[in-house]
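Sequence order for the protein chains is Y and V.
Numbering (this note's numbering) for the first sequence: 1 to 489.
Numbering (this note's numbering) for the second sequence: 490 to 978.
Number of protein chains: 2
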Amino acid sequence: MSNTSPAAPLVPPEPGDLPPEVFEAHATALARWVADYLRNTERYPVLSTLAPGEFRQRIPDAAPEAPEPLEAILADLDRVVMPGVTHWNHPAFFAYFANTASVPGILGELVIAALNQVGILWRTSPALSELETATTGWLGRAMGLPEGWFAMLTDTASVSTLQALAAARERDPSLGIRHEGMGGRPEVPRMRIYCSEHAHSSVDKAAITLGIGAANVVRLPGDDAYRMRVDALEAAIAADRARGYRPIAVVATVGTTSTTSVDPVDRIAAVCAREGLWLHVDAAYAGVLALVPEHRHHFAGLEHADSLVVNAHKWLFTPMDCSVLWTRHPQLLKRAFSLTPAYLETAEQDVALSQSDYSFQLGRRFRALKLWFVLRAFGLEGLRERLRHHCALARRFAGWVEAEPGWRMLAPVPMSVACFRHEPAGMTDEAALAAHNARILDRVNASGQVFLSHTKLGTRYVLRLAVGNVRTREAHVALAWRLLREAAG
Amino acid sequence: MSNTSPAAPLVPPEPGDLPPEVFEAHATALARWVADYLRNTERYPVLSTLAPGEFRQRIPDAAPEAPEPLEAILADLDRVVMPGVTHWNHPAFFAYFANTASVPGILGELVIAALNQVGILWRTSPALSELETATTGWLGRAMGLPEGWFAMLTDTASVSTLQALAAARERDPSLGIRHEGMGGRPEVPRMRIYCSEHAHSSVDKAAITLGIGAANVVRLPGDDAYRMRVDALEAAIAADRARGYRPIAVVATVGTTSTTSVDPVDRIAAVCAREGLWLHVDAAYAGVLALVPEHRHHFAGLEHADSLVVNAHKWLFTPMDCSVLWTRHPQLLKRAFSLTPAYLETAEQDVALSQSDYSFQLGRRFRALKLWFVLRAFGLEGLRERLRHHCALARRFAGWVEAEPGWRMLAPVPMSVACFRHEPAGMTDEAALAAHNARILDRVNASGQVFLSHTKLGTRYVLRLAVGNVRTREAHVALAWRLLREAAG
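Below, the structure written as structure tokens:
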């Protein structure tokens, strides 16, 4: 068999990866660089000061033909990349919802990258598949979720909510949506999804993607505390049924994006049970607060939900991206999405869990590993302590606003977000107030010392201070307050 | 204003992250651990030897209440995690399509984690938004794609293809799919998508998700070389039109999953142009081969495509996940998905690119950074050299198979994948051949020294050897060949 034994190498020497020693040297240098960054984040402007297109000009038009030394690439981090970075890891990042790369989270990502697991089937990474079940089980148990719910990780809440609503769409097998689709089929009704006017835009995007249509997301009015009005939900369902539409799901939010208001999940659940609707709870930001006993009341009725999304990459100090989707109906998710081509059939497929059976995505990263690092390194007590601290900081900020003439809180502060604005004496016109507060926001953000964002509540332009970065201390909140008052003056 | 100045800290001391020094010490230790792993990957069995459920038993049922030291967590990598890992980074990983975490790719991931950019809007990370445009532009230019195509990164080809087909679904504005949806609307026709029997299952999953329906993915027969038969495509379109169905898109594959066969994109493009169909090209694995001049012929006609997906996390040595989606119709993608709630409105939104306008996902990781590291550290010449090497290794393996009595190649080897099997003299029954080769595969994989996978071509059970890990050398391919022959004996 001399003709089949290895001959001289094809290419002497054969190309390969850069050597492990090179990795170690540069990873060690990067460990120092990252530590310096974490130590000195506050030296950077929180919000990048580049104008649109400026960053692009720093990058050549074409990739290099010859390899470049890693030294040159790493040197470009400071020279090229950092000016274009908005510092989500800055302790005075108060915009949107915070998203921290904590120390255990970054270490977890390094291991994820090195092991480079690709979760396609169970056998392509048993550790990925089973650690995902284990860590989401840890989290669910600590949050007091019912035993037996199925959980998996996705990238973002947009995908978690999309998957949940796909399962809801699949619930009536007589419609045969998965197989036959929705087009050219008079028997497929107009489907309707309900949420409050304060619900996240991911609900609309999911409805668009699923072929349900943006117009079939019925946005119900909120009450004075920005909670879904259940009477409006009941009326909308009745009106839709009268028109021959098919209500399929309600998305209730615990911790809305603008004000962190809490929809009355228990009463909504009762409506869903009576009407046979899927109840999806969006607690992307606030869900982790269920870890804290004195905040558990926000989640009353959650045990009746059909699905739930909580983002570990928001208030659980896990780097982007890591969203947890729970459902009590894994069989529906599987019926919606499972599809095993011949080349992916394995002997163990009937007994081993492959998350791809529950998703439109096939491959997945080893996200569970960073969640495992974070849950262990902080411990549940450590996490509770940090969540409580952030809520206390937001309440303290609200106290300052309330005590200051000309400033006004515009929503309750049940969690770690304050909605407020400056209302100078005599300024009552809404457009003038909006322009005035937008100017304050621009000035404050231009300082580079803090970054806040805005929202709208009805017709009112509102400023938002959202606490959630693990490194935020009271001094950062106080700094924001000082800058706001200066900018208003 | 004494009532609003900072008082004593709320919690002395305030909780925060673990200190930067702790990060540096453990990241340095992990740099060494990862280097050792990369040096010694071959000491591990490629395919994890755990049975389903065994990994889960290594993990406690509940998260710890108290923080655990990082030392304990890192120690568990070897003790708990590694036995459940299937080593995608092993140079003898020959299953599916390889996916390497190269040295520059891992370093890139470390920086991505530390900076923790969240691409929601341009301003939440100008560097993310513009480096994504720059690096995908580099890649497209080096691949010879037409100037002016829009590109963005997604997690996986499943999502890239889903987005492309969503744009195709949106193409006829009179249908109003985005707004009104597909249900309860007799004017929405049954939509049809065409691909070959060898196309990837992500096409079916996209059709399911979009409400088009799995049955409306028309899988056309392939020819003897596993390429889509264009006559069958034309006949299927004509038959569907006669039934009142609406053909909307064709998915052509350059480098199919089983055999890396190449659909005749130029002739399919001509059909699409004549019929007004969207042409999506799935080159998730093979697309990077367009970097290599002597392989450019596989892509004839690609310039007529409406969209294209290429996975950097497959054959471009970038860690999971990083998929590139190109389209010549960004305005359709935007029309399908753009949606800006009030709290995300910014002054720069009309001039700055936010990738979320083109996707159902809102937040995104800074994937462009690792792609930038990989393209620069290897250089285009370095990448071409590695791709050529892998193709040469697959051809050499095919030569060994062809020269060996009882063994047979079952498909051409245009790229880096060989399809083959053992056909012992006298064994002609297909079921017997399948069982025999499945046994060979199990034995070879149980050796722990290599990992191959199988596929089916028509009724035939086929073994597959896919070269693509950046660390694979001829010795690894020779080892696979020796083990295969031993297992057959």
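A virtual CB, placed ideally from N, CA and C, is assigned to each residue, including glycine.
Looking at the strands, I want to know which residues DSSP matches up with residue i.
i: Y:PRO247; result: Y:ARG192
i: V:ASN800; result: V:SER812
i: V:PHE886; result: Looking at the DSSP assignment, V:PHE886 forms no beta bridge with any residue, so it has no partner.
i: Y:ARG408; result: Y:ARG421
i: Y:THR124; result: Answer by DSSP bridge pairing: none, since Y:THR124 is not bridged.
i: V:MET916; result: According to DSSP, which records beta bridges pairwise, V:MET916 is partnered with nothing at all.
i: Y:VAL413; result: DSSP lists no partner for Y:VAL413.
Smallest Cα separation from residue i: which of the options?
i: Y:MET415; options: Y:ASP306, Y:HIS298, Y:ARG335; result: Y:HIS298
i: Y:SER447; options: Y:TYR358, Y:LEU483, Y:ALA368; result: Y:LEU483
i: V:HIS793; options: V:GLY776, V:GLU893, V:TRP767; result: V:TRP767
i: V:MET641; options: V:MET632, V:GLY633, V:LEU628; result: V:LEU628
i: Y:SER523; options: Y:ALA199, Y:GLY108, Y:GLU345; result: In the structure as shown, chain Y starts at 1 and stops at 489, and residue 523 of chain Y therefore has no counterpart that could be examined.
i: V:THR745; options: V:TYR715, V:ALA725, V:LEU634, V:MET571; result: V:TYR715
i: V:LEU822; options: V:LEU833, V:ASP846, V:ALA857; result: V:ASP846
i: Y:PHE451; options: Y:TRP88, Y:ARG58, Y:GLU404, Y:PRO341; result: Y:TRP88
i: Y:ASP224; options: Y:GLY406, Y:TYR245, Y:ILE208, Y:THR259; result: Y:THR259
i: V:PRO615; options: Y:VAL85, Y:VAL417, Y:HIS26, Y:SER359; result: Y:VAL85
i: Y:LEU479; options: Y:ASN445, Y:LYS456, Y:THR455; result: Y:ASN445
i: V:ALA892; options: V:VAL906, V:GLY702, V:TRP970, V:ARG612; result: V:TRP970
i: V:TRP861; options: V:TYR533, V:VAL592, V:ARG528; result: V:VAL592
i: V:THR807; options: Y:GLU42, Y:GLY105, Y:ASN116, Y:ARG408; result: Y:ASN116
i: V:ARG735; options: V:VAL719, V:VAL706, V:GLY895, V:VAL743; result: V:VAL706
i: V:GLU963; options: V:ALA857, V:GLY633, V:PHE582; result: V:PHE582
State the CB to CB distance for the pair residue i and residue j, rounded to an integer number of angstroms; the pair is presumed to be in contact (CB under 8 angstroms).
i: Y:LEU233; j: Y:VAL281; result: Rounded, the Cβ-Cβ distance is 14 angstroms, inconsistent with contact.
i: V:LEU876; j: V:TRP804; result: 7 angstroms
i: V:SER685; j: V:LEU654; result: Between V:LEU654 and V:SER685 the Cβ distance is about 16 angstroms, and since that is not below 8 angstroms, they are no contact.
i: V:THR645; j: Y:LEU362; result: 6 angstroms
i: V:ASP995; j: V:ALA789; result: Coverage of chain V is limited to positions 490 through 978, which leaves residue 995 of chain V absent and any answer about it impossible.
i: Y:ILE237; j: Y:GLU275; result: 6 angstroms
i: V:SER848; j: V:LEU610; result: Not a contact, Cβ separation roughly 13 angstroms.
i: Y:GLU68; j: V:ALA631; result: Not really, about 15 angstroms apart at Cβ, beyond 8 angstroms.
i: Y:PRO52; j: V:GLU837; result: 5 angstroms
i: Y:ALA284; j: Y:VAL309; result: 6 angstroms
i: Y:ARG443; j: Y:ALA487; result: 4 angstroms
i: V:PRO830; j: Y:SER201; result: 5 angstroms
Hey, quick one: how far does the beta strand (DSSP E) through residue i stretch, first residue to last?
i: V:VAL770; result: 767-771
i: V:SER942; result: 942-946
i: Y:VAL217; result: 217-220
i: Y:TYR461; result: 460-466
i: Y:LEU153; result: 150-154
Since residue i is in the alpha helix (DSSP H), which residue starts that stretch and which ends it?
i: V:HIS911; result: First-last for V:HIS911: 906-911, but that is the beta strand (DSSP E), not the alpha helix (DSSP H).
i: Y:HIS200; result: Element bounds for Y:HIS200: n/a, residue is neither H nor E.
i: V:GLN652; result: 646-658
i: Y:TRP33; result: 20-40
i: Y:ILE177; result: 177-180
i: V:GLY597; result: 592-604
i: Y:GLN561; result: Absent from the model: residue 561 of chain Y. The displayed extent of chain Y is 1 to 489, so no value can be given.
i: V:HIS965; result: 963-977
i: V:ARG763; result: 754-764
i: Y:GLU71; result: 70-76
i: V:ALA725; result: 719-731
Quick check: the region 636-655 of chain V against the region 814-831 of chain V, are there 3 or more CB pairs under 8 angstroms?
Verdict: yes, contact present.
Take every Cβ of the region 581-593 of chain V, pair it with every Cβ of the region 950-959 of chain V, and state whether three or more of those distances are shorter than 8 angstroms.
Enough Cβ pairs lie closer than 8 angstroms, so yes.
Is it a yes or a no for the region 665-673 of chain V touching the region 178-198 of chain Y, going by three-plus beta-carbon pairs under 8 angstroms?
yes
Taking 8 angstroms as the threshold, find out whether the region 286-300 of chain Y comes into contact with the region 70-77 of chain Y through three or more Cβ pairs.
no
Would you call the region 910-929 of chain V and the region 546-561 of chain V touching, i.e. three or more CB-CB distances under 8 angstroms?
Touching, no, given that fewer than three Cβ pairs across the two stretches are closer than 8 angstroms.
Do three or more CB pairs link the region 902-918 of chain V to the region 863-871 of chain V at distances below 8 angstroms?
no
Pairing CB atoms from the region 656-664 of chain V with CB atoms from the region 614-624 of chain V, are three or more of them under 8 angstroms?
no
Can you find at least 3 beta carbon pairs, one from the region 876-892 of chain V and one from the region 932-951 of chain V, that sit closer than 8 angstroms?
no
Decide yes or no for the touch test of the region 518-528 of chain V against the region 14-34 of chain Y: beta carbon pairs closer than 8 angstroms, at least 3 of them.
yes
At a Cβ cut of 8 angstroms, what residues of the region 242-260 of chain Y count as close to chain C, listed as they run along the chain?
No chain C appears in this structure, whose protein chains are Y and V.
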